[in-house]
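To start, the structure under review is shown below, and the notes come after it.
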């Protein structure tokens with residue numbers, strides 16, 4: 089079995105196990121969200137999921153990554169009382185033994201870079217102990233535990249890291265919360281360990297003083313359906329976290345290299361090595377004729393004498409998953425930290441293709457009366473005749489797409505919330521209780537993407553055809569290219 093196959097296999101096994109464990113948590117989350125939305129309308133935040141479909145992927149995400157859903161004004165809640173923590177961290181032993189640690193945090197713990205915080209806060213029978221934190225100026229981790237000394241079962245309803253003096257820290261989108269347990273609920277009399285993480289902007293000068301806030305909510309039906317603060321408890325811990333704490337151990341590689349794939353230009357602005365990760369900052373050329381969504385299997389190759397280091401399978405920071413970037417023109421590949429401590433002789437970025445669509449083809453055009461697909465980018469997209477079990481609503485369509493060379497791709501399709509009729513009039517997409525989205529991959533590297541779109545019951549009376557703008561579309565273009573970013577010989 090190759091390294092890639094083994095990695096994908098373990099990933100799928102973990103996801104399936106998380107899915108089984110998370111279904112009950114998803115029910116709690118949905119009930120809580122319903123109550124809050126009914127109590128106070130807040131800004132809509134989309135949650136895009138990939139892999140096993142909307143419900144399954146959302147459940148997986150809930151177990152190890154919560155999304156902030158918004159709550160009533162924190163200001164009316166009873167404030168917590170902060171004090172020095174008496175909790176014994178035992179050199180973060182619980183975290184070191186956790187098998188699903190992010191590589192960056194695992195590296196920080198291995199190098200003893202996580203600094204003790206030792207601050208706690210109490211409120212209404214709950215206590216939070218912030219035990220440690222670490223940051224390399226690009227990513228921040230906060231390690232803490234929550235003790236439940238009440239008779240109620242509680243879960244997190246919100247969490248936020250706020251930097252002093254920055255009114256609106258751009259940290260909510262992409263922030264995640266992991267737990268060292270199989271479920272999120274904190275039982276009466278029990279304590280649970282958590283890891284908060286988020287991305288930081290490389291262009292912002294963050295202060296040292298921070299405040300970490302969590303809001304716990306009871307899980308009774310009455311509490312989850314209520315929009316009142318009565319059932320929710322806020323806990324705040326203020327402490328210092330130096331964003332430059334690892335500055336002396338960083339290395340920066342400035343580059344003017346440009347990767348060219350299928351005629352499209354992707355500029356590499358810089359490579360930053362930190363003890364936690366290796367960051368490659370890139371930017372799509374605005375004059376490209378294709379909208380690029382992803383580099384396919386990028387690899388960072390460093391050489392020092394006869395030693396070659398290859399870094400694979402990066403995470404990505406972009407506009408979709410972080411507020412670090414304000415548009416889709418820039419993104420960052422986050423590889424594991426480099427083991428090479430010296431300046432390399434050369435550094436090269438290699439990719440095996442891109443996922444991209446011609447900018448003037450970013451649309452799907454259908455005729456509802458003929459139930460016919462008129463136009464779509466690439467190949468493999470079909471308009472499917474609904475079956476009775478699909479429970480589609482009037483004006484709703486189902487589409488399915490078969491994709492080859494999908495083993496390194498991020499799913500899936502994302503469609504605009506508005507559509508246009510043949511005369512140019514714009515309509516809002518209709519809500520649907522039955523529509524679904526799934527993205528499944530096979531052992532042979534192919535994938536199947538199924539999704540629906542609800543035009544509304546009256547849409548058949550609109551001038552046909554109807555046009556939906558694409559916001560994201562998986563369309564692999566396989567072309568191996570590389571660019572040398574640095575060489576001591578030039």
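In the numbering used here, the protein residues as written are 89 to 578.
Backbone N, C-alpha and C fix where the C-beta goes; we use that ideal spot for every residue, glycine too.
- Here residue 294 has 251, 331 as same chain residues with Cβ atoms under 6 angstroms from its own Cβ, once five neighbours each way along the sequence are excluded.
- Across the structure, residue 341 and residue 431 are spaced so that their CA atoms are roughly 9 angstroms apart.
- Taking all protein chains in view, the Cβ of residue 553 is crowded by 16 or more other Cβ atoms within 10 Å, so the residue is classified as buried.
- Contact annotation, residue 548 with residue 447: C-beta distance approximately 30 angstroms; criterion of less than 8 angstroms not satisfied.
- Taken in chain order, the unbroken stretches of beta strand (DSSP E) that lie wholly in the stretch 423–459 and span 3 residues or more are 434–446, 451–455.
- Secondary structure remark: continuous beta strand (DSSP E) runs of at least 3 residues inside the stretch 313–343, in chain order: 320–328, 339–342.
- Per DSSP, residue 191 lies in no beta strand (DSSP E) segment; the continuous alpha helix (DSSP H) that holds it begins and ends at 191–198.
- With distances taken between CA atoms, residue 234 lies nearest to 216 out of 221, 246, 216, 226.
- In the three-state DSSP reduction, residue 548 falls in the helix class (H, G or I).
- Between the alpha carbons of residue 486 and residue 327 lies a distance of about 51 angstroms.
- The beta carbon of residue 507 is closer than 7 angstroms to those of 515, 517, 543, 554, 555, 556 in its chain, skipping five residues each way along the sequence.
- For residue 183, the secondary structure class from DSSP, reduced to helix, strand or coil, is helix.
- Counting only the Cα atoms, residue 478 lies some 53 angstroms from residue 200.
- In the displayed model, residue 379 falls within a strand according to three-state DSSP.
- A direct Cα-to-Cα measurement between residue 301 and residue 370 gives close to 33 angstroms.
- Per DSSP, residue 395 is one residue of the beta strand (DSSP E) stretching across 395–399.
- Contact between the stretch 562–576 and the stretch 344–361 is present: 3 or more CB-CB pairs across the two stretches fall below 8 angstroms.
- DSSP, reduced to helix, strand and coil, places residue 516 within a strand of the structure shown.
- When the alpha-carbon of residue 338 is set against those of 325, 315, 366, the nearest one is in 366.
- Pairing residue 453 with residue 462 gives a Cβ-Cβ distance under 8 angstroms.
- The stretch 397–411 makes contact with the stretch 421–428; the number of CB pairs closer than 8 angstroms reaches 3 or more.
- Excluding sequence positions up to five before and after residue 239, its CB lies within less than 8 angstroms of the CB of 276, all in the same chain and listed in chain order.
- One Cα belongs to residue 290, the other to residue 551, and the distance between them is close to 48 angstroms.
- Setting aside the 5 residues that flank it on each side, residue 177 is surrounded in the same chain by 204, 219, 220, each with a C-beta closer than 7 angstroms to its C-beta; the list follows chain order.
- When DSSP assignments are scanned along the stretch 458–500, the uninterrupted stretches of beta strand (DSSP E) that are 3 or more residues long and fall wholly within it turn out to be 460–463, 469–472, 484–491.
- Closest in alpha carbon position to residue 241, among 540, 280, 175, is 280.
- Residue range 214–223 is occupied by the beta strand (DSSP E) that includes residue 223.
- The beta carbon of residue 504 sits closer than 8 angstroms to those of 517, 556, 557, 558, 559, all from its chain and outside the five residues before and after it, given in chain order.
- Taken in chain order, the unbroken stretches of beta strand (DSSP E) that lie wholly in the stretch 246–308 and span 3 residues or more are 264–267, 279–287, 297–306.
- The distance from the Cβ of residue 537 to that of residue 521 is about 21 angstroms, inconsistent with a contact at the 8 angstroms cut-off.
- Under the DSSP assignment, residue 568 falls in the beta strand (DSSP E) whose first and last residues are 564–575.
- Taking a 10 Å sphere around the C-beta of residue 519, we find fewer than 16 other C-beta atoms and assign the residue as exposed.
- The C-beta of residue 285 has 16 or more other C-beta atoms within 10 Å across all chains shown, which makes the residue buried.
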